[in-house]
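Below: the structure, in structure tokens.
In this note's numbering, the protein residues as written are 1332 to 1808.
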């Protein structure tokens, strides 16, 4: 038996270096896959109290990426993906349309359900008009056909119109929607002022060439049909979501998905170089690292296995030269994220820190006058019960038969995703300034101190009674 030493976030400190780097010099951009680059190297965890469609939209708008959980039916997950993809566009390639004989009442209902402000009207495959919320706002006879209400005098442009030209046309004609049509009058796309304005509000947003937000979604190793449906919906990253990634079924699933679909692929979770090599050889574009470090995970206690997270990150990153490494779990402060990036991770994945945000799916709870949100591990009993195919492979008829490896609890309400990510990136930038690093790659020229218990205590505020909380520090013991 060989005994090795393992280190976690509290066991190390990065050593400051001579620097002339200022905050405006710093670039936190990181590559997740060949086609996905994040200005904010942070992903939200695919947990059912962390990432649904609302979280995924906010993460992408802020420059990160949301991974929609799989503890739900495929159709519901696919609908979430579609909602994210349609939430912003430079060019809406497949806009919702209606025929001229549909009733105005139904058109109004579609706009409300899809959260859109207008519908192109199509007859015999050709664009003949547009009906908008403005057209219907004061219409009292909603039993009329849309063809009687729509605007038929349209300003259009060709299907290859550049965004700069589209802006000019919209501004010149004082219109909010610009249909793109071919020579035969067939609708090829739609550009809206609303989406252009969203881009201005979120300049760092993680988008594709059409201006659509990028999004990821989790799947199990035995859910090929789910993967197929997600790819058809336009998913940008598939995450094979399991407790132990260095296993036969995960390796085979990685191989099958990488060979069958042209989509980004993250596999895991792993904590060793051996696991990294197996998934890289199988075709993974990104490796998810972390076995047991999460705040709601009891895997290490229940099963006695795991690798402290700093050691796990170093193990995997040394093997993963051509694929990205995502550190998942154990991050309590922005300094932990900075340590993960400096020791080899390309991005970090957050669960607890995002579970308390406005955008998380968890239920709001009030305790002692304070606001909290629900949070649970995906191996907690209630999460294991929710779906027949859970990520731990346990399928029982009785609650008592489950062997949980996670707990359920509450986390303090933290505000919006934007507020949390602002503090996280601010802390990472502060670290990079101390290290003299303009990029994440330059952070890795650093060496570290392994610190004692006394050093750990010294790192936290001490000999003082804290009278006012700060947004980026809460002592948790």
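All C-beta atoms, glycine included, are put in the ideal place defined by N, C-alpha and C. As the structure is a computational prediction, the values presented were derived from the model and not from experiment.
Residues of its chain near residue i, where Cβ-Cβ distance is below 7 angstroms and the 5 sequence neighbours each way are ignored
| i | result |
| --- | --- |
| residue 1483 | 1459 and 1460 |
| residue 1559 | none |
| residue 1489 | 1511 |
| residue 1451 | 1426, 1428, 1458, 1461, 1510, 1518 and 1521 |
| residue 1814 | With the chain running from 1332 to 1808 in the structure shown, residue 1814 is simply not present. |
| residue 1492 | 1511 |
Sub-9 angstroms separation of residue i and residue j beta-carbons
| i | j | result |
| --- | --- | --- |
| residue 1351 | residue 1692 | no |
| residue 1370 | residue 1359 | yes |
| residue 1708 | residue 1742 | no |
| residue 1549 | residue 1424 | no |
| residue 1506 | residue 1477 | no |
| residue 1706 | residue 1697 | no |
| residue 1345 | residue 1680 | no |
| residue 1503 | residue 1419 | no |
| residue 1640 | residue 1340 | yes |
| residue 1421 | residue 1494 | yes |
| residue 1804 | residue 1343 | no |
| residue 1582 | residue 1545 | no |
| residue 1447 | residue 1430 | no |
| residue 1361 | residue 1678 | yes |
| residue 1778 | residue 1338 | no |
| residue 1624 | residue 1576 | no |
| residue 1682 | residue 1376 | yes |
| residue 1416 | residue 1475 | no |
| residue 1589 | residue 1613 | yes |
| residue 1368 | residue 1537 | yes |
| residue 1449 | residue 1523 | yes |
Own chain partners of residue i with C-beta closer than 8 angstroms, once the 5 adjacent residues on each side are dropped
| i | result |
| --- | --- |
| residue 1647 | 1601, 1602, 1603, 1604, 1606, 1607, 1618, 1620, 1656 and 1675 |
| residue 1513 | 1489, 1490 and 1519 |
| residue 1684 | 1662, 1663, 1745, 1751 and 1755 |
| residue 1557 | 1401, 1405, 1408, 1550 and 1551 |
| residue 1758 | 1664, 1665, 1666, 1668, 1669 and 1803 |
| residue 1799 | none |
Any non-hydrogen atom of the ligand SAM closer than 8 angstroms to residue i Cβ
| i | result |
| --- | --- |
| residue 1786 | This structure does not include the ligand SAM; it has no bound ligands of any sort. |
Rounded C-alpha distance that separates residue i from residue j
| i | j | result |
| --- | --- | --- |
| residue 1411 | residue 1366 | 21 angstroms |
| residue 1555 | residue 1409 | 14 angstroms |
| residue 1439 | residue 1481 | 12 angstroms |
| residue 1561 | residue 1784 | 47 angstroms |
| residue 1722 | residue 1497 | Caution applies to residue 1722, whose pLDDT of 49 falls short of 50 and renders its modelled position unreliable; the model cannot decide the point. |
| residue 1357 | residue 1768 | 7 angstroms |
| residue 1770 | residue 1372 | 12 angstroms |
| residue 1626 | residue 1406 | 30 angstroms |
| residue 1336 | residue 1414 | 46 angstroms |
| residue 1585 | residue 1792 | 45 angstroms |
| residue 1615 | residue 1334 | 30 angstroms |
| residue 1442 | residue 1465 | 11 angstroms |
| residue 1463 | residue 1526 | 16 angstroms |
| residue 1775 | residue 1673 | 5 angstroms |
| residue 1469 | residue 1540 | 38 angstroms |
| residue 1471 | residue 1444 | 20 angstroms |
| residue 1547 | residue 1508 | 29 angstroms |
| residue 1386 | residue 1753 | 15 angstroms |
| residue 1578 | residue 1553 | 13 angstroms |
Beta-carbon proximity list for residue i, same chain, < 6 angstroms, skipping 5 on both sides
| i | result |
| --- | --- |
| residue 1533 | 1392 |
| residue 1389 | 1690 and 1748 |
| residue 1436 | 1473 |
| residue 1348 | 1766 and 1767 |
| residue 1651 | 1607 and 1618 |
| residue 1564 | 1409, 1412 and 1413 |
Beta-bridge partners of residue i, as assigned by DSSP
| i | result |
| --- | --- |
| residue 1706 | 1740 |
| residue 1457 | 1454 |
| residue 1780 | 1344 |
| residue 1510 | 1521 |
| residue 1572 | 1599 |
| residue 1368 | 1362 |
| residue 1538 | 1544 |
| residue 1586 | Answer by DSSP bridge pairing: none, since residue 1586 is not bridged. |
| residue 1681 | 1375 |
| residue 1701 | 1698 |
| residue 1397 | 1375 |
| residue 1620 | 1601 and 1658 |
| residue 1434 | 1476 |
Cβ of residue i within 9 angstroms of any chain B Cβ
| i | result |
| --- | --- |
| residue 1641 | In the structure shown, chain B does not exist; there is a single protein chain. |
query: Does the segment 1390-1404 touch the segment 1517-1528, meaning 3 or more C-beta pairs lie closer than 8 angstroms?
result: no
- prompt: For the segment 1754-1764 against the segment 1660-1677, are there 3 or more C-beta pairs whose distance is under 8 angstroms?
  reply: yes
query: Taking three-plus beta-carbon pairs below 8 angstroms as touching, is the segment 1786-1797 in contact with the segment 1740-1754?
result: No, they do not touch.
message: Count Cβ pairs between the segment 1591-1601 and the segment 1565-1572 that sit closer than 8 angstroms; are there 3 or more?
response: Contact between the segment 1591-1601 and the segment 1565-1572 is present, because at least three Cβ pairs lie under 8 angstroms.
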